[in-house]
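Numbering (the numbering used here), first residue to last: 238 to 495.
In this text, a Cβ means the ideal position worked out from N, Cα and C, and glycines have one as well.
Every value quoted in this text rests on a predicted model; they were computed, and no experiment measured them.
To start, the structure itself, in structure tokens.
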């Protein structure tokens, strides 16, 4: 009988002392589809979401992701409805409303185009005059790029998604389309057939090389503490080699495999 009581007390003690995830430890992040960096269809949500989740997990937090189109994603994040929004390039405008995490990754922004379109050399935005340029609403690219759109210096046609932009490229409704190189290649291989992919190439000269960040809204009182916790978790991943392991998974296409 004593053994039964003792066993019960041990189990009870383990149950009481086991760590529980409080409401304060649950993180809500608004995000969007941006393969191969992020996707609700990928394992772990893709490289970026896997990275974010692991960094927070090391600090004792659990993350849930809410997907929107990118324009709404930004508005949702800015409102403070969620703890953070993933993931964005730096811009002075966004810095007014958000705290930026340390860099999640680096990417090259290039121009995709049909092989039948002559677009071999360019140096400045002035060289893009005369082209119809596809772009995705809500993306940063560069301030000069969007300023050229606002002033009508460049003929930029915004669409709601990268997939739609590639379709417009294939239908020759646009001449060139601006997108991250790794994400663009991945999207083409996932969403288009080989005959369509064979029609498309890209110019290796980047418009910009940018870093992506997790943004924490300044309207929330817990943002600075969460920023600190996340950066610490991310730093530990880079220090022990976990970051490199996840990035290699991205390059090998592991996140898209069943």
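Identity of the residue in the options nearest residue i by Cα
| i | options | result |
| --- | --- | --- |
| residue 400 | 447, 306, 300 | 306 |
| residue 494 | 440, 284, 348 | 284 |
| residue 361 | 299, 445, 407 | 445 |
| residue 461 | 336, 373, 447 | 336 |
| residue 357 | 341, 415, 386, 439 | 439 |
| residue 343 | 449, 303, 280, 478 | 449 |
| residue 429 | 488, 403, 370, 489 | 403 |
| residue 293 | 280, 263, 309 | 263 |
| residue 313 | 268, 471, 279, 395 | 268 |
| residue 391 | 375, 310, 365, 282 | 365 |
| residue 447 | 418, 469, 454 | 418 |
| residue 415 | 452, 394, 466, 432 | 394 |
| residue 396 | 359, 375, 381 | 375 |
| residue 442 | 359, 382, 309, 473 | 359 |
| residue 328 | 319, 318, 277, 311 | 311 |
| residue 225 | 465, 275, 413 | A query on residue 225 cannot be resolved here, the shown segment of the chain reaching from 238 to 495 and no further. |
Span separating the alpha-carbon of residue i from that of residue j
| i | j | result |
| --- | --- | --- |
| residue 368 | residue 266 | 37 Å |
| residue 363 | residue 422 | 26 Å |
| residue 427 | residue 330 | 33 Å |
| residue 475 | residue 340 | 11 Å |
| residue 304 | residue 378 | 21 Å |
| residue 491 | residue 388 | 43 Å |
| residue 385 | residue 477 | 43 Å |
| residue 507 | residue 352 | Limits of the chain in this structure are 238 at one end and 495 at the other, which puts residue 507 out of reach. |
| residue 315 | residue 334 | 7 Å |
| residue 409 | residue 452 | 36 Å |
| residue 281 | residue 433 | 29 Å |
| residue 279 | residue 273 | 8 Å |
| residue 372 | residue 463 | 32 Å |
| residue 244 | residue 302 | Unreliable positioning characterises residue 244 in this predicted model, as indicated by a pLDDT of 40, which lies under 50. The coordinate reading is nonetheless provided below. The alpha-carbon atoms of residue 244 and residue 302 are separated by roughly 40 Å. |
| residue 484 | residue 470 | 16 Å |
| residue 332 | residue 454 | 9 Å |
| residue 406 | residue 486 | 30 Å |
| residue 437 | residue 380 | 27 Å |
Continuous alpha helix (DSSP H) stretch holding residue i: start and end
| i | result |
| --- | --- |
| residue 357 | From DSSP, residue 357 is part of no alpha helix (DSSP H); its letter is neither H nor E. |
| residue 396 | Careful: residue 396 lies outside any alpha helix (DSSP H), inside the beta strand (DSSP E) at 392-396. |
| residue 294 | 284-294 |
| residue 281 | No alpha helix (DSSP H) contains residue 281, which DSSP labels as neither H nor E. |
| residue 274 | Counting along the chain, residue 274 falls outside any alpha helix (DSSP H), and DSSP gives it neither H nor E. |
| residue 384 | 380-387 |
Extent of the continuous beta strand (DSSP E) to which residue i belongs
| i | result |
| --- | --- |
| residue 433 | No beta strand (DSSP E) contains residue 433, which is instead part of the alpha helix (DSSP H) from 431-434. |
| residue 263 | 263-268 |
| residue 371 | 369-373 |
Below 8 Å, how does it come out for the stretch 313-326 and the stretch 273-289: are there three or more Cβ pairs, yes or no? The stretch 313-326 makes contact with the stretch 273-289: 3 or more CB pairs, one atom from each, lie closer than 8 Å.
Taking 8 Å as the cut-off, does the stretch 345-352 touch the stretch 293-301 (at least 3 CB pairs, one atom from each stretch)? Judged by Cβ distances under 8 Å, the stretch 293-301 makes no contact with the stretch 345-352, as fewer than three pairs qualify.
For the stretch 303-362, which segments carrying the alpha helix (DSSP H) assignment without a break, of at least 4 residues, lie completely within its bounds, in sequence order? Along the length of the stretch 303-362, whole alpha helix (DSSP H) runs at least 4 residues long occupy 307-316, 329-332, reported in chain order.
Entirely enclosed alpha helix (DSSP H) segments - the stretch 408-494, minimum 4 residues: Every unbroken stretch of the alpha helix (DSSP H) spanning 4 or more residues and falling wholly within the stretch 408-494 is given here in chain order: 418-428, 431-434, 460-477, 479-489.
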